[in-house]
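Here the structure is laid out as structure tokens; the discussion comes afterwards.
In this note's numbering, the protein residues as written are 1 to 340.
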């Protein structure tokens, strides 16, 4: 029954990207009922088990931004950091509520950022295709997930109830794919499109199959990754493919034993409105590597007076030499972005 619910609800989300909802539903039925789909689908129980294993180990993950996402993420951060940093403040009550509900469903709390790119966290958001609410659910999808949608009441606009519904759908999608980037893609364009991309590309890795997806959907995934970086100062378990998560988990214990690596790291307490991306650019460092050493730098410095900056020895020498210049550029970036 769970799988039937998933297949049916996926039809309506597919309609977001197709002018003909009826034709889209027929395509999804054909794709999802194709016998080859059974070969690429993962066991829902195993997928859910993997979810908990990944979640409990998340603090040990060495998150690296996929090279194919770097330019998109950097551009997105520059254009949207101001708006999203303000949302951190006014949206906190909603985020706190979503954190609680997502935890109840056994889901990573970072999935709340999907509602940010879906609706800008607006309860009255309405798409041209008829998706409504912070999670942009189609009428049929919402009803199948237990929400009331009729002429008098539309529970898609209710933050609490729609978050519960979205969590059920995300759980179903993860049971099907076992990969959060594919889940985000399927949430946008429907399982039919994702399964078709898997079949045509011969891969279940988002970065290999992305160009077999609708452009809006592949950008949707990258927007989610970029939003995660802006809001958290780094990536997380939901910004990695299944393969990348497994590699990170395998590497994490080894990284902890690398005493020689720590000997090459210098720590310096800094104060001021420094920006992670400005520091990384001035030092010629990959932003992912910088964030690995300095998680949440932007967030911490916006809320407190100091931060223990960690850099490779050679990069620390450059930072100290260019410190005034880096601080000035950081402040200018914040002022141009409207960040306080």
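Beta carbons: idealized from backbone N, C-alpha and C, even for Gly.
As the structure is a prediction and not an experimental result, all values here were calculated from the model.
- Check residue 269 in the structure and name its three-state DSSP category. For the purposes of this step, residue 269 is taken as residue 269 along the chain shown, with counting starting at 1. Reduced to three states, the DSSP call for residue 269 is strand.
- Going by CA-CA distance only, name the one from 302, 156 and 330 that's closest to residue 136. As a working note, residue 136 is residue 136 in the chain shown. Distance check between residue 136 and each of 302, 156 and 330 places 156 closest, using alpha-carbon atoms only.
- Query: Per DSSP, what kind of secondary structure is residue 145 in: helix, strand or coil?
  - Reply: Taking the first residue of the chain shown as position 1, residue 145 is located at position 145. Coil, per DSSP.
- Query: What are the boundary residues of the beta strand (DSSP E) that includes residue 137?
  - Reply: Sequence index remark: in the chain shown, residue 137 carries index 137 (1-based). From DSSP, residue 137 is part of no beta strand (DSSP E); its letter is neither H nor E.
- Message: Please report the distance separating the alpha-carbon of residue 89 from that of residue 80.
- Response: Locating residue 89 in the chain shown gives position 89, where the first residue counts as 1. Locating residue 80 in the chain shown gives position 80, where the first residue counts as 1. Near 15 Å, if we compare the C-alpha coordinates of residue 80 and residue 89.
- First and last residue of the uninterrupted alpha helix (DSSP H) at residue 160: Translated into positions along the chain shown, residue 160 becomes position 160. 159 to 177 is the extent of the alpha helix (DSSP H) around residue 160.
- Message: For residue 328, count the other beta carbons within 10 Å of its own beta carbon; 16 or more makes it buried, fewer makes it exposed. Which is it?
- Response: Looking up residue 328 in the chain shown gives position 328. Result: exposed.
- Query: Which residues in the same chain have their Cβ closer than 7 Å to the Cβ of residue 333, if we skip the five residues on either side of it in sequence?
  - Reply: Indexing the chain shown from 1 puts residue 333 at position 333. For residue 333, where only same-chain residues beyond five positions count, the Cβ hits under 7 Å are 275 and 278.
- Runs of beta strand (DSSP E) wholly within the segment 288 to 322 (minimum 3 residues, chain order): 307 to 312
- Task: Would you kindly work out how many angstroms separate the C-alpha atoms of residue 182 and residue 194, rounded to a whole number?
- Result: Mapped onto the chain shown, residue 182 falls at position 182. Mapped onto the chain shown, residue 194 falls at position 194. Those two C-alpha atoms are separated by around 7 Å.
- Task: Let me know the secondary structure DSSP gives residue 89 once reduced to three states.
- Result: Residue numbering aside, residue 89 sits at position 89 when the chain shown is read from its first letter. Helix, per DSSP.
- Put residue 75 into one of helix, strand or coil per three-state DSSP. Counting from 1 along the chain shown, the entry for residue 75 is found at position 75. Residue 75: helix per DSSP, three-state reduction.
- Would you call residue 54 buried or exposed, if buried means 16 or more other Cβ atoms sit within 10 Å of its Cβ? Residue mapping note: residue 54 aligns to position 54 of the chain shown, counting from 1. Residue placement at residue 54 is flagged as unreliable, the pLDDT there being 33, under the threshold of 50; the coordinate-derived value follows with that caveat. Per the 10 Å Cβ criterion, buried.
- Task: Could you work out which residue in 308, 271 and 192 is closest to residue 265 when comparing CA atoms only?
- Result: Mapped onto the chain shown, residue 265 falls at position 265. Ranked by how close their Cα comes to the Cα of residue 265, the residues 308, 271 and 192 have 308 in first place.
- Item | Buried or exposed by the 16-neighbour rule on C-beta atoms within 10 Å, applied to residue 70 | As a first step, residue 70 is located in the chain shown; it is residue number 70 there, counting from the start. Exposed: under 16 other Cβ atoms inside 10 Å.
- Thinking C-beta only, is residue 220 closer than 7 Å to residue 110? On the chain shown, position 110 is the one that residue 110 refers to. On the chain shown, position 220 is the one that residue 220 refers to. No; because the gap between Cβ atoms is not below 7 Å, this pair is not in contact.
- Task: Put residue 126 into one of helix, strand or coil per three-state DSSP.
- Result: Here residue 126 refers to the residue found at position 126 of the chain shown. Of the three classes helix, strand and coil, the one that applies to residue 126 here is strand, per DSSP.
- Query: What is the DSSP secondary structure of residue 154, counted as helix, strand or coil?
  - Reply: Within the chain shown, residue 154 is the residue found at index 154, counting from 1. Strand at residue 154.
- Query: Going by C-alpha distance, which of 63, 105 and 87 is nearest residue 115?
  - Reply: In the chain shown, counting from the first residue as 1, residue 115 sits at position 115. If we check each option's Cα against that of residue 115, 87 comes out closest.
- residue 231: first and last residue of the uninterrupted alpha helix (DSSP H) it sits in: Here residue 231 corresponds to residue number 231 of the chain shown, with the count starting at 1. Looking at the DSSP string, the run of the alpha helix (DSSP H) that includes residue 231 is 215 to 232.
- Message: I need the straight-line Cα distance from residue 293 to residue 129, nearest angstrom please.
- Response: The residue labelled residue 293 in the question sits at position 293 within the chain shown. The residue labelled residue 129 in the question sits at position 129 within the chain shown. Answer to the nearest angstrom: the Cα atoms are 43 Å apart.
- Query: Within this structure, are the beta carbons of residue 238 and residue 180 separated by less than 7 Å?
  - Reply: Residue 238 sits at position 238 when you count from the first residue of the chain shown. Residue 180 sits at position 180 when you count from the first residue of the chain shown. It is a contact, given that the beta carbons lie within the stated cut-off.
- Task: Report buried or exposed for residue 127, applying the criterion of at least 16 other Cβ atoms within 10 angstroms of its Cβ.
- Result: What you label residue 127 is simply residue 127 of the chain shown in a count that begins at 1. Exposed.
- What residue does the alpha helix (DSSP H) around residue 113 start on, and which one ends it? Translated into the one-based positions of the chain shown, residue 113 becomes position 113. Here the alpha helix (DSSP H) through residue 113 covers 113 to 119.
- Answer yes or no: do residue 206 and residue 171 have a C-beta to C-beta separation smaller than 7 Å? Along the chain shown, read from residue 1 onward, the residue named residue 206 stands at position 206. Along the chain shown, read from residue 1 onward, the residue named residue 171 stands at position 171. No.
- To the nearest angstrom, report how far apart residue 314 and residue 185 are at their CA atoms. By one-based count along the chain shown, residue 314 stands at place 314. By one-based count along the chain shown, residue 185 stands at place 185. Residue 314 and residue 185: Cα-Cα distance of roughly 40 Å.
- Query: Which of helix, strand or coil does DSSP assign to residue 330?
  - Reply: Numbered from 1 along the chain shown, position 330 holds the residue referred to as residue 330. In the structure shown, residue 330 sits in a helix (DSSP, three-state: H, G or I).
- Message: Just to check my reading of the structure: residue 134 and residue 121 have Cβ atoms closer than 8 Å, yes? What is that Cβ distance to the nearest angstrom?
- Response: Residue numbering aside, residue 134 sits at position 134 when the chain shown is read from its first letter. Residue numbering aside, residue 121 sits at position 121 when the chain shown is read from its first letter. That pair is a contact at about 6 Å.
- Message: Among 210, 202, 263 and 203, whose alpha-carbon lies nearest the alpha-carbon of residue 189?
- Response: Position 189 of the chain shown holds residue 189. Comparing Cα-Cα distances from residue 189 to each of 210, 202, 263 and 203, the minimum goes to 210.
- Message: Assuming residue 290 and residue 113 are in contact, meaning their beta carbons sit under 8 Å apart, how far apart are those beta carbons, in whole angstroms?
- Response: Counted from its first residue, the chain shown places residue 290 at position 290. Counted from its first residue, the chain shown places residue 113 at position 113. Not a contact, Cβ separation roughly 21 Å.
- Message: For residue 96 and residue 152, I'd like the C-alpha separation in whole angstroms.
- Response: For this step, residue 96 is matched to residue 96 along the chain shown. For this step, residue 152 is matched to residue 152 along the chain shown. Distance between the alpha carbons of residue 96 and residue 152 is about 29 Å.
- Message: Cutting at 6 Å between CB atoms, please list the residues of its own chain near residue 217, excluding the five before and the five after it.
- Response: For the purposes of this step, residue 217 is identified with residue 217 of the chain shown, where counting begins at 1. Excluding residues within five positions, the ones whose Cβ falls inside 6 Å are 185, 188 and 189.
- Near residue 163, which residues of its chain fall below 6 Å by C-beta distance, leaving aside the five closest residues on each side in sequence? Counting from 1 along the chain shown, the entry for residue 163 is found at position 163. Only 98 and 101 meet the Cβ criterion.
- Item | C-beta atoms of residue 280 and residue 76 nearer than 7 Å | Taking the first residue of the chain shown as 1, we reach residue 280 at position 280. Taking the first residue of the chain shown as 1, we reach residue 76 at position 76. In this structure, residue 76 does not lie closer than 7 Å to residue 280 by Cβ.
- Would residue 296 pass as a contact of residue 235 if the rule is Cβ separation under 7 Å? Position 296 of the chain shown holds residue 296. Position 235 of the chain shown holds residue 235. Not a contact, by the Cβ cut-off of 7 Å.
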